[in-house]
């Protein structure tokens with residue numbers, strides 16, 4: 001039995017979801033990435049001790065405040081909320097959001113002996129009212145250090161992307177891109193995602209509070 005042509009597998013359909021591991025800062029030593037920021041002159045010291053500038057998500061927040069879509073009082077309310085979080089309340093510290101490992105048992109497959117176990121990672125999903133945008137948070141082991149870290153992804157329908165031609169029913173062209181527009185209707189999304197970033201861990205809160213200082 002043959003397989004369908006590769007192109008047939010890549011046609012975009014309406015229920016495809018885009019997953020974006022969005023960022024809010026850029027290391028100022030990364031000159032190539034720093035050049036992509038419209039606010040490369042801004043600076044704060046991150047929780048990791050590195051000099052950083054506003055980038056991606058924090059650029060939106062900065063301009064939304066400049067354009068008075070978001071008020072400084074709303075930024076101050078967010079700052080107060082984050083300052084009052086207790087250490088055991090951060091997502092990477094909660095006892096009810098721990099990685100679960102099942103004790104291994106012997107398992108033979110095709111006469112080969114294995115130790116079989118399972119690892120279950122906490123997954124949190126937040127849906128915004130009157131929007132198809134979701135936030136997914138998965139708590140996993142750190143890649144380059146001991147401990148765990150919550151990873152945040154923004155998920156939105158492919159139909160939210162603005163492209164020169166509709167993506168539905170076709171494949172993407174080489175180097176084709178789409179635009180996700182965050183306008184004034186996404187104000188609540190922007191404030192809420194910063195709040196959620198701030199509760200991921202103590203280090204995330206540090207960075208978000210430093211960003212809010214610059215914006216205010």
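In this note's numbering, the protein residues as written are 1 to 216. Yeah, the Cβ is synthetic: ideal placement off N, Cα and C, and Gly gets one too.
Identify every residue that forms a DSSP beta bridge with residue i.
i, result
"residue 223", "Outside the displayed range of the chain (1 to 216) lies residue 223, so it cannot be described from this structure."
"residue 153", "136"
"residue 53", "26"
"residue 44", "52"
"residue 116", "105"
"residue 246", "There is no way to answer for residue 246, as the model of the chain reaches only from 1 to 216."
"residue 100", "120"
DSSP three-state call for residue i: helix, strand or coil?
i, result
"residue 106", "strand"
"residue 144", "coil"
"residue 94", "coil"
"residue 194", "helix"
"residue 68", "coil"
"residue 19", "strand"
"residue 179", "strand"
"residue 161", "coil"
"residue 86", "coil"
"residue 39", "coil"
"residue 216", "coil"
"residue 201", "coil"
"residue 210", "helix"
For residue i, collect the residues of the same chain with a Cβ closer than 7 Å to its Cβ; drop the 5 residues on either side in sequence, then sort them by chain order.
i, result
"residue 14", "159, 168"
"residue 8", "Reliability of the predicted coordinates at residue 8 is poor, the pLDDT of 49 falling under 50, and no value is obtained from them."
"residue 214", "42, 44, 54"
"residue 170", "11, 12"
"residue 206", "47"
Select from the options the residue whose C-alpha is nearest the C-alpha of residue i.
i, options, result
"residue 49", "58, 33, 65, 28", "28"
"residue 103", "116, 92, 97", "116"
"residue 186", "60, 34, 46", "60"
"residue 140", "101, 37, 126, 75", "101"
"residue 16", "156, 200, 188", "156"
"residue 118", "58, 130, 134, 99", "99"
"residue 120", "132, 127, 96, 79", "96"
"residue 85", "211, 216, 196, 184", "196"
"residue 127", "72, 193, 93", "193"
"residue 149", "133, 94, 165, 130", "94"
Near residue i, which residues of its chain fall below 6 Å by C-beta distance, leaving aside the five closest residues on each side in sequence?
i, result
"residue 114", "107"
"residue 153", "19, 21, 136"
"residue 123", "138"
"residue 3", "Annotation note: pLDDT 42 at residue 3 (below 50); position unreliable, coordinate value reported separately. So the list is empty, once near-sequence residues are dropped."
"residue 203", "47"
Just to confirm my understanding: we take residue i, look at its own chain, exclude 5 residues before and 5 after, and list those with CB closer than 8 Å. What are they?
i, result
"residue 181", "162"
"residue 151", "21, 137, 138, 139, 140"
"residue 70", "61, 64, 187, 190, 191"
"residue 74", "191"
"residue 89", "199"
Counting only beta-carbon atoms, is residue i nearer than 8 Å to chain C?
i, result
"residue 137", "Protein chain content of the structure displayed is limited to a single chain, and chain C is not contained in it."
Checklist entry - Does the segment 56-68 come within contact of the segment 104-120, defined as at least 3 CB pairs closer than 8 Å? => result Short answer: they don't touch.
Next on the checklist: Does the segment 21-35 come into contact with the segment 175-189, if we say contact requires no fewer than three beta-carbon pairs (one atom in each stretch) closer than 8 Å?
Outcome noted: No, they do not touch.
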